[in-house]
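Trainee: First, the structure itself, so that you have it in front of you.
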Amino acid sequence: MDSPPSDSSAGAIEGVVAVVIVVVVVIKIMLFCYCMDKAKTAISVVNEANQLKAQSTSNRGAAHLAFPVIGDSQLEAGTMERFLIDIAREKPIRFAPSHLAAFTLNFSEQLGSGGFGVVYKGRFPSGVHIAVKVLNRSSGKRMEEQFMAEIGTIGRTYHINLVKLFGFCFDPKMQALVYEYMENGSLDKLLFSDPSKTIEWEKLHEIAIGTAKGIAYLHEECQQRIIHYDIKPGNVLLDSNLNPKVADFGLAKLYNQNSTHVLVSGCRGTPGYAAPELWAPYPVTYKCDVYSFGMLLFEIVGRRRNHDANLIDCSREWLPRWTYEMLKKNELPEMIPSCGISEENREKAKRMVLVALWCVQYLPAQRPLMSTVVKMLEGAIEIALPPNPFGYLEDNNLNCAFNFGSEGNYDSSSSSIKPLIQSSDCEIEIAC
Ligand SMILES: Nc1ncnc2c1ncn2[C@@H]1O[C@H](COP(=O)(O)OP(=O)(O)OP(=O)(O)O)[C@@H](O)[C@H]1O
Ligand SMILES: [Mg+2]
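FYI, the numbering for the sequence shown is 3 to 434, going by the numbering used here.
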């Protein structure tokens, strides 16, 4: 039989119970303090939002209510950083023209210019570097609504391979977009303006994959599918570690199809990268970006423009078609080393060439999805030999209808061709 607990053991148990109670009470107090702290933070964020709402009442219209201009006090160093983290996640910040003038020291340092406007280097009061794209002017109530709608979409689109939009300005005097600053500028400068071609080929392969991931996100993953319409090396920007980020997505929709960034022929995109369907009266889908990405891939492998009249010998040819000819003659093993690609990278380079040839297929339905492109580039799936993407150029009828442009693109001045592309084609994936 067990003997009853002695007085001393009962005292020990009481002591343990007392300690446990004390520990539980202390934990509860700590939890209470933590919750109070959280609540205070939440209240201050709500107050901040209420302040913003209060400021917006002086403005008219739904767009103003949705995107009130940020107050000067919030731009002061310190608060800005928090503001960026807390609020930019939800929606971009609206700036006044005077803010942008201050950030850019009166628009003193130009980074470049393109079809939509001029880009200036700037800095937030907190020190964060920015790029301010001042857009060519357009106006009208409809324009403002469309602008806000698109800003809402662009502002909610986050991916490591997309340039981040911090904010914007929409004012009768100025329309502008405020982006994160990319230290290493655009890929075209790296590929075409660096005479020493110092960048490692391995890095270029990573840039190609990162760019493909950014576009795949726009097409297949983000809330609202976004077609870029203007994929090209100039719209792939590189951060301080040469990580690629796709720029200017959503911009095409900020404008009416018929307004600013339109080529002489009345089509969108950039010559040399725009898919044939952008030049002809055929349905246009996200597959036009796949085509442009293919054109970009050829340029990455060749480290040259697809069309370069200054080059000598056979390399003067349009690089995509020349590449296909090399594949057909089984001469890729000779062609790839001539691009300065070392032995260990040749397999990857061959993969890039095959992917590029799939991407530039004439029929959108034959071009792969961008998520498939990523897998192909990473070597996760086998790549079948692509059919000739340029067969239609050899077709006499089509040759008459499409004039082969100086940069390897096609000027559709005739409407005599029957549409070859059905919109339903565009959802079919190729089997690789
Ligand atoms: N976020 C950024 N960070 C650093 N530099 C940038 C940034 N955005 C643009 N730039 C620079 O400004 C240049 C011009 O850009 P912009 O987008 O206006 O023209 P583009 O890309 O050549 O043509 P498009 O109008 O078709 O996009 C780029 O080539 C790049 O060097
Ligand atoms: Mg651009």
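Beta carbons are placed, not taken as given, at the ideal position from N, Cα and C, and that holds for glycine. Being a predicted model, the structure only gives us computed values, none of them experimental.
#1: Taking any heavy atom of ligand 2 as the mark, which residues have a C-beta closer than 6 Å to it, listed down the chain?
#2: Count the other CB atoms, across all protein chains shown, that sit within 10 Å of the CB of residue 94; report buried if there are 16 or more and exposed otherwise.
#3: Checking 8 Å against the spacing of the C-beta atoms, do residue 385 and residue 365 come in under that value?
#4: Look at residue 150 and residue 69 and say whether their C-beta atoms are less than 8 Å apart.
#5: What does the Cβ neighbour count give for residue 332, buried or exposed, with the cut at 16 atoms within 10 Å?
#6: Per DSSP, residue 248 is paired with what?
#7: According to DSSP, is residue 175 part of a helix, a strand, or is it coil?
#8: Would you report the Cα separation of residue 52 and residue 172, rounded to the nearest angstrom?
#9: Run the proximity test for residue 118: is its beta-carbon closer than 7 Å to any non-hydrogen atom belonging to ligand 1?
#10: Need the endpoints of the beta strand (DSSP E) that residue 230 sits in, please.
#11: Checking the sheet assignment: what are the DSSP bridge partners for residue 435?
#12: Could you please give the first and the last residue of the uninterrupted alpha helix (DSSP H) stretch that includes residue 323?
#13: Sorted by chain position, which residues of the same chain lie with C-beta nearer than 6 Å to residue 224's C-beta, five sequence neighbours on each side aside?
#14: Where does the unbroken alpha helix (DSSP H) through residue 291 begin, and where does it stop?
#15: Out of 359, 302, 309, which has the shortest C-alpha to C-alpha gap to residue 330?
#16: On a Cα-Cα basis, can you pick out the residue from 354, 239, 300 that is closest to residue 113?
#17: Quick one: grab the DSSP three-state call for residue 71.
#18: Pop quiz: residue 176 and residue 247 are said to be a contact at Cβ under 8 Å. What is the actual Cβ separation, rounded to whole angstroms?
#19: Just how far apart, CA to CA, sit residue 107 and residue 124?
#20: Taking all protein chains shown into account, do 16 or more other C-beta atoms lie within 10 angstroms of the C-beta of residue 387, making it buried, or fewer, making it exposed?
#21: Going residue by residue through the region 328-352, where are the continuous alpha helix (DSSP H) segments of at least 4 residues, counting only ones entirely within it?
#22: Are the beta-carbon atoms of residue 188 and residue 233 separated by less than 8 Å?
#23: Check residue 169 in the structure and name its three-state DSSP category.
#24: Where DSSP assigns a beta bridge to residue 23, which residues make up the other side?
#25: Where do the ends of the alpha helix (DSSP H) carrying residue 100 lie?
#26: So for residue 209, helix, strand or coil by DSSP?
#27: Based on Cα-Cα distance, which residue from 375, 279, 174 lies nearest to residue 138?
#28: So, are the CB atoms of residue 302 and residue 337 less than 8 Å apart?
#29: Run the proximity test for residue 293: is its beta-carbon closer than 7 Å to any non-hydrogen atom belonging to ligand 1?
#30: Could you check what DSSP says for residue 152 in three-state terms: helix, strand or coil?
#31: Using only CA atoms, which one of 326, 241, 162, 249 lies nearest to residue 392?
#32: Could you check the C-alpha separation between residue 394 and residue 155 for me, to the nearest Å?
Mentor: So, to answer that:
#1: 116, 236, 237, 249, 250
#2: buried
#3: no
#4: yes
#5: exposed
#6: 164, 238
#7: coil
#8: Because residue 52 carries a pLDDT of 38, less than 50, the predicted location of this residue cannot be relied on, and the following value inherits that uncertainty. Each residue's alpha carbon lies about 22 Å from the other.
#9: yes
#10: Residue 230 -> no beta strand (DSSP E), and no H or E assigned at all.
#11: Beyond the ends of the chain as shown, which are 3 and 434, falls residue 435; an answer cannot be given.
#12: 321-330
#13: 159
#14: 289-304
#15: 359
#16: 239
#17: strand
#18: Rounded, the Cβ-Cβ distance is 25 Å, inconsistent with contact.
#19: 7 Å
#20: exposed
#21: 334-340
#22: no
#23: strand
#24: DSSP, once it has assigned bridges, lists no residue as partnering residue 23.
#25: 99-105
#26: helix
#27: 174
#28: no
#29: no
#30: helix
#31: 326
#32: 37 Å
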